[in-house]
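Okay, so here's the structure we're looking at.
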Amino acid sequence: MVLGGVGEIIGWAGRTWSSRNYHSDNAFYMNFMTAAMFIMMGRIISLVGEEYSRLKPRTYSILFISADLAALIIQAIGGAAAASADDSSGAERGANIMVAGIIVQMAAITIYCVIQGDYLWRVLTERPVRPRSTTTSGAGTPPSDVEEASNRFVLEKEVLTGRARLTPNIKNMLLGLGIATVFIYIRSIYRTIELLDGWDGDIFINERLFNSLDGMPIFVAMFVLNVFHPGRFIAVGKERNAVA
1 MVLGGVGEII GWAGRTWSSR NYHSDNAFYM NFMTAAMFIM MGRIISLVGE
51 EYSRLKPRTY SILFISADLA ALIIQAIGGA AAASADDSSG AERGANIMVA
101 GIIVQMAAIT IYCVIQGDYL WRVLTERPVR PRSTTTSGAG TPPSDVEEAS
151 NRFVLEKEVL TGRARLTPNI KNMLLGLGIA TVFIYIRSIY RTIELLDGWD
201 GDIFINERLF NSLDGMPIFV AMFVLNVFHP GRFIAVGKER NAVA
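According to the working numbering, the sequence shown is numbered sequentially starting from 1.
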């Protein structure tokens, strides 16, 4: 989240600079908040119950963060190509590469939403994907202190159903994630349409649209994720006390 905030500041500085040097075409920036959202959802799965998830929390984070990183790299390549282009056709090719990166990110967010919805539906209807595991140790790398705390917490809640494990804290965190996801998705749709319209298009040069559909959604997402901060709502100790 901190990286996302810094990236947004750098991006807005670049946007301001490009408005004074219009032909630079250096007006893209990256968003790291989706990665934070993927990590938070993996944490919620660990707390509520892995048996309801089609993916393990670690796999969940690795898969979606990898897709997000790939999207950011593609956008960076496209932005660099557009900024270094000597003519409008080169800038348009760079824009098309950036669009591909944004589409990859949108696809990742879409799949994330589908899996998240499936997980919550299974929790609420008590339809686990697999039997609940009661094994918390085994061969391999010794668990960290955080993992041991998580394992003890799961055992403490073993008699509870998934619905019962949706504490008020976790529900608030899910609400925050849902709101942030909607606004980041809106921003991704806008960026796709903006870049497809071209660097000289009416959408790209419309600052009101940019402020409303690019800057505002990111601001709202950052604000919501700070209000519903994971440190306040899904810390192991806090959740243990909430259940107890």
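Backbone N, C-alpha and C fix where the C-beta goes; we use that ideal spot for every residue, glycine too.
Asked                                                                                                                          : Found
Status (buried if at least 16 other CB within 10 Å, exposed otherwise) for residue 212                                         : exposed
Exposed unless 16 or more other CB atoms sit within 10 angstroms - verdict on residue 165                                      : buried
Residue of 68, 99, 65 minimising C-alpha distance to residue 79                                                                : 99
Residue 182 - DSSP class collapsed to helix/strand/coil                                                                        : helix
C-beta atoms of residue 187 and residue 230 nearer than 9 Å                                                                    : no
Rounded straight-line distance, which links the Cα of residue 223 to that of residue 247                                       : Beyond the ends of the chain as shown, which are 1 and 244, falls residue 247; an answer cannot be given.
For residue 55, the three-state DSSP class (helix, strand or coil)                                                             : coil
Rounded separation between residue 37 and residue 124 - CA only                                                                : 21 Å
Simplified DSSP assignment, three categories, for residue 121                                                                  : helix
Span separating the alpha-carbon of residue 27 from that of residue 194                                                        : Because residue 27 sits at a pLDDT of 40, beneath the cut-off of 50, its placement in the model cannot be relied upon, and the following sentence gives the value as read from the coordinates. Whole-angstrom Cα-Cα distance: 12 Å.
Same chain only: Cβ atoms within 6 Å of residue 42, ignoring 5 sequence neighbours per side                                    : 57, 60, 61
Cβ pair count under 8 Å reaching 3, the region 66–73 against the region 100–110                                                : yes
For residue 221 and residue 118, the rounded distance between their alpha carbons                                              : 23 Å
Cut-off 8 Å between Cβ atoms - residues of its own chain near residue 21, not counting five sequence neighbours on either side : Confidence is the limiting factor: at residue 21 the pLDDT is only 49, short of 50, which leaves the residue's position unreliable and the question unanswerable from this model.
Buried/exposed call for residue 253, threshold 16 Cβ in 10 Å                                                                   : For residue 253 there is no data in the structure shown, the boundaries of the chain being 1 and 244.
Three-state class that DSSP yields for residue 227 in the structure shown                                                      : helix
Beta-carbon gap between residue 176 and residue 219 smaller than 9 Å                                                           : no
Residue 226 burial status per 10 Å Cβ neighbour count (16 or more: buried)                                                     : exposed
Beta-carbon proximity check, residue 76 vs residue 90, cutoff 9 Å                                                              : no
Of the listed residues 122, 74, 50, nearest to residue 94 (C-alpha basis)                                                      : 74
Identity of the residue in 199, 113, 33 nearest residue 85 by Cα                                                               : 199
Residue burial classification, residue 46 (beta-carbon count within 10 angstroms, cutoff 16)                                   : buried
Where residue 96 falls: helix, strand or coil (DSSP)                                                                           : helix
Alpha carbon of residue 83 to alpha carbon of residue 51, nearest angstrom                                                     : 48 Å
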